[in-house]
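Accompanying notes for the structure given below.
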Amino acid sequence: MHKETGETKPACTEGDGVPSFEEVEVAHVRAERDVLVEADNPWVVRMYYSFQDPHNLYLIMEFLPGGDMMTLLMKMDTLTEEATQFYIAETILAINSIHKLGFIHRDIKPDNLLLDVKGHIKLSDFGLCTGLKKSHRTEFYRDLSRAHPSDFSSSNPVDSKRRHESWKRNRRALAYSTVGTPDYIAPEVFLQTGYRNNCDWWSLGVIMYEMLIGYPPFCSETPQETYRKVIHWKKTLQFPSEVPISREAEDLIRRFCCEPERRIGHNGVDEITRHPFFDGCDWEHIRERPAAIPINVRSFDDTSHFDEFPDIEIKPIAPLQSDVDGENYKDWVFVNYTFKRFEGLTQRGGCISQGQRAESSR
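Going by full-length UniProt numbering, the first residue of the sequence shown is number 1, and it counts up by one from there.
Quick look at the structure:
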């Protein structure tokens with residue numbers, strides 16, 4: 001909590017789970033920090049500060065008390081088409097806001113769709129707080145890409161129910177594992193055959209399916225099996241008959257989850273907003289309208305919509321050999337990583353005076 005403004009801001013540490021900087025794509029880390037600096041709009045979680053010490057990178061972020069879409073879906077099981085239209089529409093605007101800046105998220109999933117105090121979507125987690133997951137590296141699946149699905153999917157209602165129960169049982173553990181889940185990642189990202197920003201629209205199609213059906217279309221008992229299903233999506237993308245959805249909803253999902261060159265949004269976001277599923281959607285004022293599902297927040301520091309984590313004892317960090325030698329690779333690759341947003345220094349984000357601005361820039 002900020003001692004002067006009273007604002008609550010979560011701190012993320014980039015060093016956790018990242019054994020060495022040599023194993024991290026430094027350019028990727030810098031790009032993800034840059035998106036939070038440049039995306040100064042209501043659709044992206046706000047970063048107030050970034051800084052570093054000899055061992056870690058730190059981010060001080062906006063606190064969003066509404067929780068995330070993963071938690072909401074676990075509580076609600078499925079959403080109505082009206083609620084799905086609202087959240088998918090807001091996520092489209094959020095994704096488009098970073099696409100316009102020239103960035104690709106590549107990890108759109110319910111865990112990264114945060115909800116503000118009024119229940120509106122904000123896009124988060126550009127790889128900065130979680131490190132690079134094993135499931136995003138094609139080496140993890142190298143021997144699996146030649147496999148062919150045998151009975152990945154079934155129209156049997158019993159199988160559909162089993163998949164739903166298994167997904168709910170394992171979902172939270174997958175979210176916090178070091179491997180993660182590949183359910184939402186586009187096949188071209190796995191295969192490294194070249195991809196554009198429309199890989200994010202594939203991920204959105206998977207989320208939309210989960211909102212309406214109750215589980216993602218490619219979920220399996222293991223990440224490797226899920227990967228195989230994603231790669232062979234033409235055979236495995238099926239809609240269970242016992243969970244009926246509208247033709248417009250199914251059509252939009254199929255147009256999200258298809259070949260990159262045929263994917264809706266390939267020729268611009270207007271292609272998506274004009275789809276019949278969004279008939280009646282007030283795109284211009286959607287953020288000013290009440291959220292589809294109201295969020296009950298008791299106080300400005302209410303954390304009831306988040307999981308509780310046990311306190312972890314921080315062990316002393318041994319001096320780096322490069323510190324002793326007086327030469328450190330990290331000293332120059334993260335030059336100018338430090339950032340201060342003036343709004344973060346003011347009372348509740350109010351205006352900053354000329355005197356304060358001059359003092360802050362010294």
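C-beta: ideal position from N, C-alpha, C; glycine also.
CB contact flag (residue i, residue j, <9 angstroms)
i, j, result
"Tyr87", "Ile121", "yes"
"Val117", "Ile295", "yes"
"Trp283", "Ala89", "yes"
"Ala39", "Ile104", "no"
"Leu73", "Met211", "yes"
"Val230", "Ile293", "no"
"Lys109", "Thr181", "yes"
"Leu57", "Val45", "no"
"Glu209", "Pro260", "Here residue 209 turns out to be Tyr, not Glu, going by the sequence shown. No, these two residues do not count as a Cβ contact at 9 angstroms."
"Asp183", "Phe126", "no"
"residue 409", "Val297", "With the chain running from 1 to 362 in the structure shown, residue 409 is simply not present."
"Arg255", "Arg247", "no"
"Pro187", "Trp201", "no"
"Gln85", "Cys257", "no"
CB-CB length for residue i against residue j, believed under 8 angstroms
i, j, result
"Glu81", "Ala249", "6 angstroms"
"Ile92", "Ile253", "Actually they are not in contact, since the Cβ atoms of Ile92 and Ile253 sit about 14 angstroms apart, beyond 8 angstroms."
Beta-bridge pairing of residue i - partner residues as DSSP gives them
i, result
"Asp68", "Leu114"
"Ser50", "Leu59, Phe339"
"Lys122", "Leu114"
"Ala44", "A small fix is needed here, since residue 44 is Val in this sequence, not Ala. Note: Val44 sits in a beta bridge opposite Leu123."
Backbone CA spacing between residue i and residue j [nearest angstrom]
i, j, result
"Glu62", "Ala83", "25 angstroms"
"Leu204", "Asn198", "10 angstroms"
"Arg274", "Tyr48", "35 angstroms"
"residue 366", "Arg33", "Because residue 366 is not part of the residues shown, which for the chain are 1 to 362, the question remains open."
"Gly265", "Thr338", "35 angstroms"
"Ser241", "Asn112", "29 angstroms"
"Asp107", "Ala94", "13 angstroms"
"Arg341", "Asn41", "13 angstroms"
"Gln238", "Phe51", "46 angstroms"
"Thr78", "Met70", "11 angstroms"
"residue 366", "Leu123", "Since the displayed the chain opens at 1 and closes at 362, residue 366 lies outside it and no answer follows."
"His55", "Leu36", "21 angstroms"
"Thr236", "Trp43", "33 angstroms"
"Asp279", "Ile245", "16 angstroms"
"Ile207", "Pro216", "7 angstroms"
Span of the alpha helix (DSSP H) around residue i
i, result
"Ile272", "270-273"
"Lys235", "233-236"
"Cys199", "199-213"
"Pro187", "187-191"
"Ala292", "Careful: Ala292 lies outside any alpha helix (DSSP H) and carries neither H nor E."
"Asn96", "81-99"
"Ile253", "247-256"
Any non-hydrogen atom of the ligand ZN closer than 8 angstroms to residue i Cβ
i, result
"Asp34", "Because no ligand of any kind appears in the structure shown, any question about the ligand ZN cannot be addressed here."
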